[in-house]
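The block underneath contains the structure these notes are about, expressed in structure tokens.
Residue numbers (this note's numbering), protein chains in the order written: chain A, 124 to 392; chain B, 22 to 183.
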């Protein structure tokens, strides 16, 4: 790892100020991507501004059906939140299956979506749930937030402070993880509220997370796995690598979407 | 340089380290606690797992400066009274180690797992939750057996059985 200067922020304002003073700084949350990347010398920020100890960014707040998850809330803390499990079990289960237990103990929702890895789990949930990403400056709809591969609408010194969404009537997330890295080779989040269905795909798109609108239309009239039998997922624009071709991923997307719908259809609530 | 203040295995320690120093190097080189191992350079193998504020983390993926202010337990502190921890005894009993390099991380991850599952463990859960720890000798089978054995001997699963 190249040299760097570590700063611990105690407030969001303080963090923004520290970043303003840094030559080429980066915000640090759980560090589950950033630290390994720095160890490989693929990133060499002059300064690290640690957000993880800022109290205002921690925790899950629920009021009615509105859920607000603080940016530095760990995946583990989301995964064991009983109140959230009653309201939106899909996101609790998603958080409980990110990486391995050590990653879940440190990794945060804010870090995951600020990095916007094309195979990260949370982006699919936030897009399908039509979540709002709240920063120290503004609120950004998920549909405008995820811009491309590792690219978001965030400015260079803008800080994600929380994400907020209205719990759907029903939702499920199914992924096919790469057996070695545990990142999604295809992950599909399906959310249903009334007649509206949202289907978002991670792990497969060349430009990161995307909505699968053909599936949404099919499921809006017939919410069952068989409604997706005729779905043709276009491999054009999907990732192709040593783990899976675009065609293989296209099929995985369809299979994961059907599994997610099946889970919702078979769930008692 | 960063000032690092920790409570490690019940003892308050203060030291100085470069800001980029990883927690695992601080533990091994500044404090001489060489039971925590570095097995890979890519945050994958889990040989470096310690508990930070009661939770299992890979100490090769956290800066010492990030950990400052925290309570850390390493393999040297797993059993403070000098006797084998039930997990260590179960690893010995079940022949859950060969070369032993991954064992400190396996033990620390397993201790965290058992704590998180007071209802008891089954084989599938143990295998899933050892995802972050790699062993190149045993084929995992005896490690899984040892974790299940220790969990039962530590009185976990009584709720499930009742």
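Beta carbons: idealized from backbone N, C-alpha and C, even for Gly. Given the structure is predicted, the values throughout are model-derived calculations rather than measurements.
Out of the options, state which residue places its alpha-carbon closest to the alpha-carbon of residue i.
i	options	result
residue 384/A	352/A, 151/A and 368/A	352/A
residue 289/A	276/A, 305/A and 264/A	264/A
residue 37/B	51/B, 144/B, 156/B and 139/B	51/B
residue 170/A	129/A, 329/A and 154/A	129/A
residue 324/A	296/A, 368/A, 150/A and 148/A	296/A
residue 127/A	278/A, 151/A and 240/A	151/A
residue 381/A	348/A, 294/A and 254/A	348/A
residue 62/B	90/B, 32/B and 46/B	46/B
residue 85/B	34/B, 75/B and 103/B	34/B
residue 99/B	22/B, 23/B, 131/B and 60/B	131/B
residue 125/B	91/B, 74/B and 66/B	66/B
residue 272/A	141/A, 243/A, 322/A and 314/A	243/A
residue 367/A	329/A, 131/A, 139/A and 277/A	329/A
residue 174/A	147/A, 312/A and 140/A	140/A
residue 109/B	31/B, 30/B and 170/B	170/B
residue 232/A	286/A, 345/A and 206/A	286/A
residue 300/A	311/A, 203/A and 292/A	311/A
residue 131/A	111/B, 24/B and 123/B	24/B
residue 165/B	177/B, 140/B and 111/B	111/B
residue 260/A	355/A, 278/A and 245/A	278/A
Tell me, which residues are paired with residue i by DSSP?
i	result
residue 166/A	The partner list for residue 166/A (beta bridge, DSSP) is empty, contrary to what the question assumes.
residue 149/A	171/A
residue 128/A	170/A
residue 296/A	312/A
residue 184/A	191/A
residue 269/A	275/A
Flag this pair as yes or no: are the beta carbons of residue i and residue j separated by less than 8 Å?
i	j	result
residue 27/B	residue 88/B	yes
residue 135/A	residue 284/A	yes
residue 327/A	residue 309/A	yes
residue 211/A	residue 195/A	no
residue 240/A	residue 143/A	no
residue 157/A	residue 145/A	no
residue 97/B	residue 56/B	yes
residue 124/A	residue 181/A	no
residue 81/B	residue 54/B	no
residue 248/A	residue 217/A	yes
residue 268/A	residue 256/A	yes
residue 335/A	residue 378/A	no
residue 236/A	residue 230/A	no
residue 183/A	residue 202/A	no
residue 94/B	residue 154/B	no
residue 192/A	residue 294/A	no
residue 78/A	residue 370/A	In the structure as shown, chain A starts at 124 and stops at 392, and residue 78/A therefore has no counterpart that could be examined.
residue 101/B	residue 175/B	no
Going along chain A in order, which residues have a C-beta closer than 8 Å to the C-beta of residue i?
i	result
residue 27/B	Residues of chain A passing the Cβ test: none, with the nearest at roughly 14 Å.
residue 70/B	225
residue 23/B	129
residue 67/B	223 and 225
residue 49/B	Ordered by position in chain A, no residue passes the 8 Å Cβ test against residue 49/B, which lies about 16 Å from the chain.
Find the residues of chain B that neighbour residue i, judging by a C-beta separation of less than 7 Å, and give them in chain order.
i	result
residue 162/A	62
residue 155/A	82
residue 92/A	For chain A, the structure presents residues 124 to 392; residue 92/A sits outside this window and is missing.
residue 173/A	87
residue 371/A	Correct list: empty, because the minimum Cβ distance to chain B is about 23 Å.
Within 10 Å of its beta-carbon, does residue i have 16 or more other beta-carbons around it, so buried, or fewer, so exposed?
i	result
residue 365/A	exposed
residue 182/B	In this predicted model, residue 182/B has a pLDDT of only 46, less than 50, meaning its place in the structure is not dependable enough to derive any value.
residue 304/A	exposed
residue 363/A	exposed
residue 134/B	buried
residue 270/A	exposed
residue 163/B	buried
residue 187/A	exposed
residue 145/B	exposed
residue 167/B	buried
residue 319/A	exposed
residue 224/A	buried
residue 359/A	exposed
residue 79/B	buried
residue 22/B	exposed
residue 133/A	exposed
residue 149/B	exposed
residue 159/B	buried
residue 120/B	exposed
residue 275/A	buried
residue 258/A	buried
Please list the partners that residue i has in chain B, where partner means a Cβ-to-Cβ separation under 9 Å.
i	result
residue 126/A	39, 40 and 41
What residues from chain B crowd round residue i, counting only those whose CB sits closer than 8 Å?
i	result
residue 159/A	63, 64 and 82
List, in chain order, every chain A residue whose beta-carbon is nearer than 9 Å to that of residue i.
i	result
residue 133/B	224, 225 and 228
residue 130/B	223, 224 and 225
residue 157/B	Neighbours of residue 157/B on chain A: none; closest Cβ ~14 Å, over 9 Å.
residue 148/B	Correct list: empty, because the minimum Cβ distance to chain A is about 12 Å.
Run through chain A and tell me which residues come within less than 7 Å of residue i, C-beta to C-beta.
i	result
residue 79/B	225
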